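*Asks:* Have a look at the structure that comes next, please.
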Amino acid sequence: MSKGVTPRSKDYSKWYTDVVQKAELADYSPVKGCMVIRPYGYALWEQIRDFLDKKFKETGHVNAYFPMLIPESFLQKEAEHVKGFAPELAVVTHGGGKKLEEPLVIRPTSETIIWAMYKKWINSYRDLPLLINQWANVVRWEMRTRLFLRTTEFLWQEGHTAHATAQEAEEEAHRMIHVYQQLCEEVLAIPVYVGKKTDNEKFAGAENTYTIEAMMGDKRALQAGTSHYLGQNFAKAFDVKFQSEENTLEYVYASSWGVSTRLVGAVVMAHGDDQGLILPPQIAPYQCVIVPIYKNNTQKEKVFSCVQTLEKAFKEQHIRYFTDNRETVSAGFKFNDWEMKGVPLRVEIGPKDADKNGVICVRRDTGEKYFQSIDSFIASCKNTLKDIQDSIFQSRLTFRENNTFDVSTYDELKTVIDNGGFARTFWAGTSEMENQIQEETKATIRCILFDNTEESGHCVITGKPSITQVIFAKAY
RNA sequence: CGGGGUGUAGCGCAGUCCGGUUAGCGCGCCACGUUCGGGACGUGGAGGUCGGAAGUUCGAAUCUUCUCACCCCGACCA
Numbered sequence: 024m025s026k027g028v029t030p031r032s033k034d035y036s037k038w039y040t041d042v043v044q045k046a047e048l049a050d051y052s053p054v055k056g057c058m059v060i061r062p063y064g065y066a067l068w069e070q071i072r073d074f075l076d077k078k079f080k081e082t083g084h085v086n087a088y089f090p091m092l093i094p095e096s097f098l099q100k101e102a103e104h105v106k107g108f109a110p111e112l113a114v115v116t117h118g119g120g121k122k123l124e125e126p127l128v129i130r131p132t133s134e135t136i137i138w139a140m141y142k143k144w145i146n147s148y149r150d151l152p153l154l155i156n157q158w159a160n161v162v163r164w165e166m167r168t169r170l171f172l173r174t175t176e177f178l179w180q181e182g183h184t185a186h187a188t189a190q191e192a193e194e195e196a197h198r199m200i201h202v203y204q205q206l207c208e209e210v211l212a213i214p215v216y217v218g219k220k221t222d223n224e225k226f227a228g229a230e231n232t233y234t235i236e237a238m239m240g241d242k243r244a245l246q247a248g249t250s251h252y253l254g255q256n257f258a259k260a261f262d263v264k265f266q267s268e269e270n271t272l273e274y275v276y277a278s279s280w281g282v283s284t285r286l287v288g289a290v291v292m293a294h295g296d297d298q299g300l301i302l303p304p305q306i307a308p309y310q311c312v313i314v315p316i317y318k319n320n321t322q323k324e325k326v327f328s329c330v331q332t333l334e335k336a337f338k339e340q341h342i343r344y345f346t347d348n349r350e351t352v353s354a355g356f357k358f359n360d361w362e363m364k365g366v367p368l369r370v371e372i373g374p375k376d377a378d379k380n381g382v383i384c385v386r387r388d389t390g391e392k393y394f395q396s397i398d399s400f401i402a403s404c405k406n407t408l409k410d411i412q413d414s415i416f417q418s419r420l421t422f423r424e425n426n427t428f429d430v431s432t433y434d435e436l437k438t439v440i441d442n443g444g445f446a447r448t449f450w451a452g453t454s455e456m457e458n459q460i461q462e463e464t465k466a467t468i469r470c471i472l473f474d475n476t477e478e479s480g481h482c483v484i485t486g487k488p489s490i491t492q493v494i495f496a497k498a499y
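Using our numbering, the first residue of the first sequence is number 24, and each one after it goes up by one.
Have a look at this one:
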């Protein structure tokens, strides 16, 4: 095995694949397009899952589980939905050695089977709102796959809610995109642009799609989460009506929203460097790694008494840590290994430090290395982790701001896209114009910003006055 | 599906053009010893149906035909 990873400047895509594999986040499986999420990678997903699950429950949602196999006919019921998903379905045609009466598709998303059930469960306005989330795997037969970013099977959560009014469903869709924003910014330390998708980019079967868009280390955009206002589309397709307080029969309004294991890829690409991963403390499986250094048993005893002091303090402060007491590899190897794995804070304790009752700390984000007494280390560790979290976020925010350019002409837009970065501009164009721009520049409208930086301007293509500010970028 | 590439030890590769005893190298792995503060070293060792099938030949990793798989770039997508 070679020692480092391909430098980002040489081949960003290769760098990404190298890091994912060398940090032991995931590995290629014997099944084309499917990866194995390894324990260290899965631990990242668990952090994401735990944060979101708590948030979902705080906002009134409950978890449930629906079948992975969906009757093929269900997909047909919503015209746009089937059009969007039909090309990428995996279909089960046989079971128990016999051909099935009706083929079953492996869910690419669960709207249809969930709405088939909602029809049974929803009768009255008293049954609403219905706020269900599911943690599940889905399968989409993609042409080209990449570890975490786009795999044939992936893990995600999908929320599916039913409401009595359009306004309530819209509010729900907005609420959840903001939960995702909070996840990205506060936990993953990735700043995101929040906004709405254009008709070209919206979900198959949605009225409105909301999105958070993050900038990766190569200045391309990654959609990090989506939330949809589905209107009455699925209610009509599955005939889900409720009796209102006024005793009228109405179709219910819906939302759905999801994030996936793609977010693990986002963390890699947003923060990583040529040494490997850089994990924000909030998501790091180990926030601190202790590397004891010694030559003989006398030193070992002395060093480990310090290690024990640290471990006790970490436990008390609920800091996730790992003591690397492998005797088969050198200290230098361990340093590189944990840097590859992105552990935010490394604590080295050698005989010299133990004599002085201190430790050497090394920050992964800045590389800063300093001596501290054990007492002051223990007293400041939480703050240091917080500082790392904040400064990683700040550095990403600065990076994004430095690479987001306001443009007012198509030529400027092209220049920004060619040089790499986000182009922010006003828009009053059509779907066709958007397609044309995509063909010429490879860039798409990532989102229509919720929060404009200016109230109004002129459309970058048509010159018409506009209050719609958008982000153009090349996307993953 | 279009374009490009690769299949030889766990990983990365050489050997293939121009067929010739026992198929090599680096890393990793195992054992022992010396090491241990930025990817340690020595000695010994284990590990291969050369992607698969058929053919040519006295003889095939190497030539021919067919086939399978995977990777990269595009179109599609969270």
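Yeah, the Cβ is synthetic: ideal placement off N, Cα and C, and Gly gets one too.
As the structure is a prediction and not an experimental result, all values here were calculated from the model.
Thinking C-alpha only, which one of D34, A46, K33 is nearest K26?
*Replies:* A46
*Asks:* Can you tell which of I213, P367, L98 has its C-alpha closest to the C-alpha of E111?
*Replies:* L98
*Asks:* Between which two residues does the beta strand (DSSP E) holding D50 run?
*Replies:* It spans 49-51 - the beta strand (DSSP E) in which D50 sits, taken as one unbroken run.
*Asks:* Return the CA-CA distance between M24 and V217, expressed in angstroms with no decimal places.
*Replies:* For M24, the predicted structure reports a pLDDT of 38, less than 50, and the residue's modelled location is therefore unreliable. The matter cannot be settled from this model.
*Asks:* Does the stretch 384-394 touch the stretch 341-356, meaning 3 or more C-beta pairs lie closer than 8 Å?
*Replies:* no
*Asks:* Under the assumption that L92 contacts I129 (Cβ atoms under 8 Å), give the Cβ distance between them as a whole number of angstroms.
*Replies:* 6 Å
*Asks:* Mapping the DSSP letters down to three states, classify T40 as helix, strand or coil.
*Replies:* T40 sits in a helix when the DSSP states are folded into three classes.
*Asks:* Using a Cβ-Cβ cutoff of less than 8 Å, which residues in the same chain neighbour S403 once the five nearest sequence positions on both sides are dropped?
*Replies:* Cβ neighbours of S403 beyond the five flanking positions: Q395.
*Asks:* Using the beta-carbon count (16 or more within 10 Å), is V183 buried or exposed?
*Replies:* The displayed chain sequence assigns His, not Val, to residue 183. Counting Cβ neighbours within 10 Å, H183 comes out buried, since at least 16 surround it.
*Asks:* Assign I490 to one of two classes, buried (16 or more other C-beta atoms within 10 Å of its C-beta) or exposed (fewer than that).
*Replies:* exposed
*Asks:* If you reduce the DSSP assignment to three classes, tell me which class E194 lands in.
*Replies:* Note: E194 maps to helix in three-state DSSP.
*Asks:* In the DSSP assignment, what residue or residues form a beta bridge with I429?
*Replies:* Position check: residue 429 holds Asp in this sequence, whereas Ile was assumed. Answer is R447.
*Asks:* Excluding sequence positions up to five away, which residues of its chain have a Cβ less than 6 Å from the Cβ of Y148?
*Replies:* Only residues of its own chain outside the window of five on either side were considered, and among them A187, F265, S267, E268 have a CB closer than 6 Å to the CB of Y148, listed in chain order.
*Asks:* Is the stretch 166-180 touching the stretch 299-318 in the sense that three or more CB pairs, one from each, lie closer than 8 Å?
*Replies:* no
*Asks:* Rank T174, L368, D347, A49 by C-alpha distance to the C-alpha of K392 and give the top, closest one.
*Replies:* L368
*Asks:* Starting from Y233, trace the alpha helix (DSSP H) in both directions and tell me its first and last residue.
*Replies:* Careful: Y233 lies outside any alpha helix (DSSP H), inside the beta strand (DSSP E) at 231-238.
*Asks:* Starting from the C-beta of Q159, find all residues in its chain whose C-beta is less than 8 Å away, skip the five residues before and the five after it, and write them out in chain order.
*Replies:* Gln is not the amino acid found at residue 159; the sequence shown has Ala there. Y88, F89, M91, R130, S133, L178, W179, Q180, E181, listed in sequence order.
*Asks:* Return the Cβ separation of C311 and V352 in integer angstroms, given the expectation that the two are a contact with Cβ distance under 8 Å.
*Replies:* That pair is no contact at about 19 Å.
*Asks:* What residue does the alpha helix (DSSP H) around E371 start on, and which one ends it?
*Replies:* First-last for E371: 368-372, but that is the beta strand (DSSP E), not the alpha helix (DSSP H).
*Asks:* Hey, A260 and K100 are a contact pair by Cβ (cut 8 Å); roughly how many whole angstroms apart?
*Replies:* 4 Å
*Asks:* If I measure Cβ to Cβ from G365 and keep anything under 8 Å in the same chain, skipping five residues before and after, which residues do I get?
*Replies:* A46, H294, G295, G299, L300, I301, L302, A307, R387
*Asks:* Buried or exposed for W144, please, with buried defined as at least 16 other CB atoms from any protein chain shown within 10 angstroms of its CB.
*Replies:* The residue is exposed, with fewer than 16 neighbouring Cβ atoms inside 10 Å.
*Asks:* Considering only the beta carbon of each residue, do L172 and R285 sit closer than 8 Å?
*Replies:* yes
*Asks:* Got a sec? Which residues, its chain only, sit under 6 Å from E362 by beta carbon, not counting five neighbours each side?
*Replies:* Q298, G299
*Asks:* If you follow the alpha helix (DSSP H) that H84 is in, where does it begin and where does it stop?
*Replies:* H84 -> no alpha helix (DSSP H), and no H or E assigned at all.
*Asks:* Given this structure, state the Cα-to-Cα distance separating V290 from I213, to the nearest angstrom.
*Replies:* 8 Å
*Asks:* Does DSSP put I471 in a helix, a strand or coil?
*Replies:* strand
*Asks:* Does the Cβ-Cβ distance between L245 and Y39 come in under 8 Å?
*Replies:* no
*Asks:* Going straight from the alpha carbon of V42 to that of T464, what length do you get?
*Replies:* If you take the alpha carbons of V42 and T464, they lie about 29 Å apart.
*Asks:* Which whole-angstrom value is the C-beta distance of K338 and D347, which I expect to be below 8 Å?
*Replies:* At roughly 17 Å, the Cβ-Cβ gap does not stay under 8 Å, so K338 and D347 are not in contact.
*Asks:* Taking C-beta to C-beta, are G444 and F422 nearer than 8 Å?
*Replies:* no
*Asks:* Apply the 10 Å Cβ neighbour rule to R349 and answer buried if 16 or more other Cβ atoms are within range, or exposed otherwise.
*Replies:* exposed
*Asks:* Quick check on the burial criterion: 16 or more other C-beta atoms within 10 angstroms. Buried or exposed for Q70?
*Replies:* buried
*Asks:* Let me know the secondary structure DSSP gives R169 once reduced to three states.
*Replies:* In the structure shown, R169 sits in a strand (DSSP, three-state: E or B).
*Asks:* If you run the structure through DSSP and keep just helix, strand and coil, what is E124?
*Replies:* Residue state, collapsed to three classes: strand.
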